[in-house]
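Report on one structure; see the data block that follows.
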Amino acid sequence: MFIESPFFRQALDQLISVAEYVDVPAGTIERLKIPKRTITVSVPVRLDNGETRMFLGTRVQHCLTSGPGKGGLRYGPHVDQGEVAALAMLMSWKCGLLHLPFGGAKGGIQCDPTTMSIGELERMTRRFTEEMMPFIGPNVDVMAPDMGTNEQIMAWIYDTYSMTMGANCPQIVTGKPVAVFGTLGRKTATGAGVVYTIEEAAKEKNLRLVDATAIIQGFGNVGAVAARNLHERGCRITGVADVSGHYFRKEGFDVPALLAHMESNPTLENYDCITSDRVTLEEFFTQRCDVLVPAALERQIDGEIAPKLRCRILAEGANGPCTTEADLFLREHSEDIFVIPDILCNAGGVIVSYFEWVQGIQMYFWTGDEVDSRLQQLLRRAFASTLGMAKKNNVDMRTAALALGVHKVAEEKFMRGLYP
Ligand code: GLU
101 MFIESPFFRQ
111 ALDQLISVAE
121 YVDVPAGTIE
131 RLKIPKRTIT
141 VSVPVRLDNG
151 ETRMFLGTRV
161 QHCLTSGPGK
171 GGLRYGPHVD
181 QGEVAALAML
191 MSWKCGLLHL
201 PFGGAKGGIQ
211 CDPTTMSIGE
221 LERMTRRFTE
231 EMMPFIGPNV
241 DVMAPDMGTN
251 EQIMAWIYDT
261 YSMTMGANCP
271 QIVTGKPVAV
281 FGTLGRKTAT
291 GAGVVYTIEE
301 AAKEKNLRLV
311 DATAIIQGFG
321 NVGAVAARNL
331 HERGCRITGV
341 ADVSGHYFRK
351 EGFDVPALLA
361 HMESNPTLEN
371 YDCITSDRVT
381 LEEFFTQRCD
391 VLVPAALERQ
401 IDGEIAPKLR
411 CRILAEGANG
421 PCTTEADLFL
431 REHSEDIFVI
441 PDILCNAGGV
451 IVSYFEWVQG
461 IQMYFWTGDE
471 VDSRLQQLLR
481 RAFASTLGMA
491 KKNNVDMRTA
501 ALALGVHKVA
511 EEKFMRGLYP
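Position one of the sequence shown corresponds to residue 101 (the numbering used here), numbered consecutively onward.
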């Protein structure tokens, strides 16, 4: 295998599992199994204490057939090439499913951003951008926020790139602050999109969100927005989690109070005796609920946990939260649990990134309502085509979404041909 990594293997298994639905010669599928470019750079950073520390940065461009590479940049101690390569592949299918003019890419730096000062983060980000200069560009590869990164980091990338080029170039990166050529609605787009897809799934399952309960793993940019938007629709949020632990409260959490708490605290831990609600990861996932939203790391639900799930809708806010074994089980039980697969469920982020890129190119900016209604239009349309494909071929939602996404990319690759 190109990269020895369980997550990359999982992504490869997914590709292989839908090959039969993609009507292109086998050689085209072979080309999609290995990323087009894998770039690893060393990132030397002068720390605040005067020492120099080396970080490893990586960017994987899985496919550039449909347009520039597109995908997040993550900072975390777990980041490695296998994780980034798997996520880059998922981005290709996500952009394919949504018909966005991008190829899939992803990047990361192995570091612990929570222990670094603002100055250290800035120097690391700017040096990484400098090292990546030959491999990025508004028509080559466009980064965005992901786990451990945010708007400020995108602003530094934008500035470093523009300074080096000697010209203002906001379309080099998306997820920028609104004040510097960001778009309205990008920050909340992924979480908002998760809830729009849950609304569609609820219609299919005859579930009224006003009477529903939801459990959400992750309280960052995706999980917290999903919690807020589900709460606004009347849903009772009985489970929340972040790095400090997993918490379950049968009567439901006070979501506005939790959101207020997070404005001045790094984690959920000190919120209103929450530690007395602490449960294990397995207990958390296997509580009865209507909607379960894993919105944290990949590979959280494995073959042991999957048969014990007691939710009606599994909405994958995170990328790759179910292992291959979990997925095999869920595929056979799709009548019981309606899975909204990651490449559909969390696509709101990259959809609004696309809108930001377009606005940056045109220097013409949209209202928040325009962004939101176009987001809903693209996402609900992709949901309908995935559901249609699933019903027509009698397959589960993940197979349908992947088949559509892979088909779009593979067909373009085939039509463009193999050069020379
Ligand atoms: N990191 C997000 C994702 O996994 C967004 C990528 C983007 O906006 O380019 O989809």
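Where a beta carbon is used, it is the ideal one built from N, C-alpha and C, also for glycine. As the structure is a computational prediction, the values presented were derived from the model and not from experiment.
Taking 7 Å as the cut-off, decide whether the C-beta atoms of residue i and residue j are in contact.
i: A395; j: G460; result: no
i: V325; j: G291; result: yes
i: A255; j: V280; result: yes
i: L221; j: K206; result: no
i: T140; j: T158; result: yes
i: V143; j: R227; result: yes
i: V393; j: G417; result: yes
i: E425; j: G448; result: no
i: L414; j: I451; result: no
i: G208; j: M191; result: no
i: A490; j: M497; result: yes
i: N94; j: P168; result: A query on residue 94 cannot be resolved here, the shown segment of the chain reaching from 101 to 520 and no further.
i: Y296; j: L132; result: no
i: E456; j: R286; result: yes
i: V294; j: C411; result: no
i: V439; j: L428; result: no
i: I134; j: A119; result: no
i: V160; j: A510; result: no
i: F235; j: G182; result: no
i: I544; j: K194; result: Here the chain has residues from 101 to 520 only, and residue 544 is not among them.
i: L284; j: G468; result: yes
Check whether the Cβ of residue i sits closer than 6 Å to any heavy atom of the ligand GLU, and report yes or no.
i: K170; result: yes
i: D241; result: no
i: D402; result: no
i: S453; result: yes
i: G182; result: no
i: A244; result: yes
i: V458; result: no
i: V450; result: yes
According to the neighbour-count rule (16 or more other Cβ atoms, all chains shown, within 10 Å of its Cβ), is residue i buried or exposed?
i: C163; result: buried
i: N493; result: exposed
i: M515; result: exposed
i: A501; result: buried
i: Y258; result: buried
i: A484; result: exposed
i: N321; result: buried
i: E104; result: exposed
i: Y454; result: buried
i: M101; result: exposed
i: A126; result: exposed
i: C422; result: buried
i: K513; result: buried
i: V145; result: buried
i: K276; result: buried
i: N329; result: buried
i: L487; result: buried
i: A289; result: buried
Between which two residues does the beta strand (DSSP E) containing residue i stretch?
i: T338; result: R336 to D342
i: S142; result: R137 to R146
i: T249; result: Looking at the DSSP string, T249 is not in any beta strand (DSSP E), and its letter there is neither H nor E.
i: Q210; result: G203 to Q210
i: I103; result: It is not in any beta strand (DSSP E) - I103 carries neither H nor E in the DSSP assignment.
i: G176; result: G169 to G176
i: Q161; result: T152 to Q161
Can you tell which of the options has its C-alpha closest to the C-alpha of residue i?
i: I350; options: G318, T375, C389 and N365; result: Inspection of the sequence shows that residue 350 is occupied by Lys rather than by Ile. Here the closest residue by C-alpha is C389.
i: A301; options: P441, K194, Y175 and K136; result: P441
i: D113; options: V506, E512 and L518; result: V506
i: T338; options: K303, V379 and D402; result: V379
i: N370; options: K170, T386, V450 and Y347; result: Y347
i: L198; options: G517, P356, K513 and K508; result: K508
i: P177; options: G248, Q110, K136 and V295; result: G248
i: C335; options: M216, R286, G517 and I315; result: I315
i: R137; options: T165, F155, L115 and L147; result: T165
i: L397; options: Q387, F429 and L381; result: L381
i: L173; options: I116, R146, Q387 and C211; result: C211
i: L156; options: D241, G203, T229 and L358; result: T229
i: Q317; options: L368, S434 and P277; result: L368
i: E231; options: S364, T264 and G203; result: T264
i: S434; options: V458, P407 and G420; result: P407
From which residue to which residue does the alpha helix (DSSP H) around residue i run?
i: K194; result: Q181 to L197
i: F551; result: Residue 551 cannot be examined here, being either before or after the span of the chain that is shown, 101 to 520.
i: I316; result: Careful: I316 lies outside any alpha helix (DSSP H), inside the beta strand (DSSP E) at T313 to Q317.
i: F228; result: I218 to M232
i: I443; result: D442 to C445
How about residue i: is its Cβ closer than 6 Å to a heavy atom in the ligand GDP?
i: E251; result: The model on display carries the ligand GLU but not the ligand GDP.
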